[in-house]
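Working notes for the structure below.
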């Protein structure tokens with residue numbers, strides 16, 4: 077039964093990609109619906125900036141439009157999509173680093189404030205009570221601070237695993253490292269995050 | 193359980209912990225993303241059309257005829273080509289973006305050194321010259337104005353900042369001439 081469901085999903089993804097390769101606009105709408113939230117969460121955690129994440133998500137999908145005809149579907153569309161996202165985020169980080177007078181920590185601190193106001197602005201009233209909400213916001217802020225303390229490869233491997241749902245083997249391949257390295261980075265990152273969260 | 197399996201088990205446990213702590217509470221502006229994606233699809237579609245839709249024989253003939261037309265000093269033929277190209281796009285049911293992109297290229301062809309692509313593109317649609325379709329220069333201008341209002345930023349980014357000003361100036365001048373001269377086409 078599970079196999080049948082998976083097969084159906086695979087077939088429908090193949091159909092969707094075929095439609096996108098024929099430049100059918102509705103197919104791209106569907107792809108945006110399917111992936112935008114995960115990509116946005118991934119990129120906002122990676123960049124610590126929600127405005128940048130929004131811009132990057134948009135750019136990811138524009139790249140998809142431009143490159144979809146070169147994509148050969150092997151059942152790993154997620155990996156292809158997140159590789160584009162990761163490369164765009166890395167390009168952005170390089171530009172930020174090159175910008176005079178801007179350090180990653182300064183950028184992070186400034187963005188953390190933006191982060192909070194952004195979340196308040198689009199808060200869903202159907203969500204938890206104000207007290208729970210405040211506690212959740214604090215946790216999310218702490219997590220974001222913890223993420224900022226990880227090395228870039230550590231942050232990338234944890235976020236890819238969580239948001240792209242790729243296997244560690246695929247993540248290792250994408251990052252061009254042995255799987256042991258990817259696992260070690262993830263292990264180290266999670267341990268650091270736990271330690272950080274518990275110390276706060 | 194092998195050491196590797198144990199490692200993976202611990203890792204998955206860690207990821208579950210991460211998922212529980214790392215709660216995402218907001219979403220991107222999906223409508224805005226979709227608008228940008230639509231524009232990218234149109235641009236890609238147009239580029240593909242330019243690259244592949246003009247049959248070789250038609251293209252050769254079109255190139256020859258356009259070179260001939262461009263060798264004329266009179267500006268009138270270029271305006272006629274613009275109208276015919278626009279007419280063709282409309283006839284083919286293509287949106288305003290394609291029509292205006294076509295016009296932009298025509299203006300470029302007539303204002304600078306023509307490229308092979310633009311020659312082929314413009315000339316191919318001269319084939320529709322004999323179609324009995326009624327499309328006025330004013331309607332063409334309205335389409336461009338609509339496009340300018342709706343897609344100014346995106347199209348300017350693609351074709352250059354002042355291209356619409358140039359195009360509209362040309363159309364204004366041509367419209368005045370056309371109104372003063374019924375025999376313009």
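Chains as they are written, first to last, in my numbering: chain A, 77 to 276; chain B, 193 to 377.
Beta carbons: idealized from backbone N, C-alpha and C, even for Gly.
Give the secondary structure of residue i by DSSP, where H, G and I count as helix, E and B as strand, and everything else as coil.
i: residue 57/A; result: Beyond the ends of chain A as shown, which are 77 and 276, falls residue 57/A; an answer cannot be given.
i: residue 226/A; result: coil
i: residue 124/A; result: coil
i: residue 173/A; result: helix
i: residue 220/B; result: coil
i: residue 98/A; result: coil
i: residue 275/A; result: helix
i: residue 195/B; result: helix
i: residue 88/A; result: helix
i: residue 56/A; result: With chain A covering 77 to 276 only, the question about residue 56/A has no answer from this structure.
i: residue 241/A; result: coil
i: residue 257/A; result: helix
i: residue 251/A; result: coil
To which residues of the same chain is residue i closer than 6 angstroms at the C-beta, ignoring the five residues directly before and after it?
i: residue 129/A; result: 116, 119, 120 and 123
Cβ of residue i within 9 angstroms of Cβ of residue j?
i: residue 162/A; j: residue 250/A; result: yes
i: residue 93/A; j: residue 149/A; result: yes
i: residue 233/A; j: residue 270/A; result: no
i: residue 169/A; j: residue 228/A; result: yes
i: residue 219/B; j: residue 88/A; result: no
i: residue 222/B; j: residue 141/A; result: no
i: residue 259/A; j: residue 199/B; result: yes
i: residue 226/A; j: residue 265/A; result: yes
i: residue 223/A; j: residue 211/A; result: no
i: residue 167/A; j: residue 226/B; result: no
Give me the Cβ distance between residue i and residue j, rounded to the nearest whole Å; I'm assuming they're in contact under 8 angstroms.
i: residue 238/A; j: residue 214/B; result: 7 angstroms
i: residue 138/A; j: residue 232/B; result: 4 angstroms
i: residue 160/A; j: residue 136/A; result: 5 angstroms
Which residues in the same chain as residue i place their Cβ atom closer than 8 angstroms to its Cβ, once the five residues preceding and following it in sequence are excluded?
i: residue 97/A; result: 144, 145 and 147
i: residue 255/A; result: 244, 245 and 248
i: residue 272/A; result: 218, 221, 222 and 225
i: residue 158/A; result: 115, 118, 236, 239, 240, 242 and 250
i: residue 193/B; result: 201
Ordered along the chain, which non-local residues of its own chain (more than five positions away) have a Cβ less than 7 angstroms from that of residue i?
i: residue 103/A; result: 92, 95 and 96
i: residue 241/A; result: 154
i: residue 208/B; result: none
i: residue 156/A; result: 147
i: residue 278/A; result: With chain A running from 77 to 276 in the structure shown, residue 278/A is simply not present.
i: residue 164/A; result: 132, 135 and 136
i: residue 90/A; result: 149
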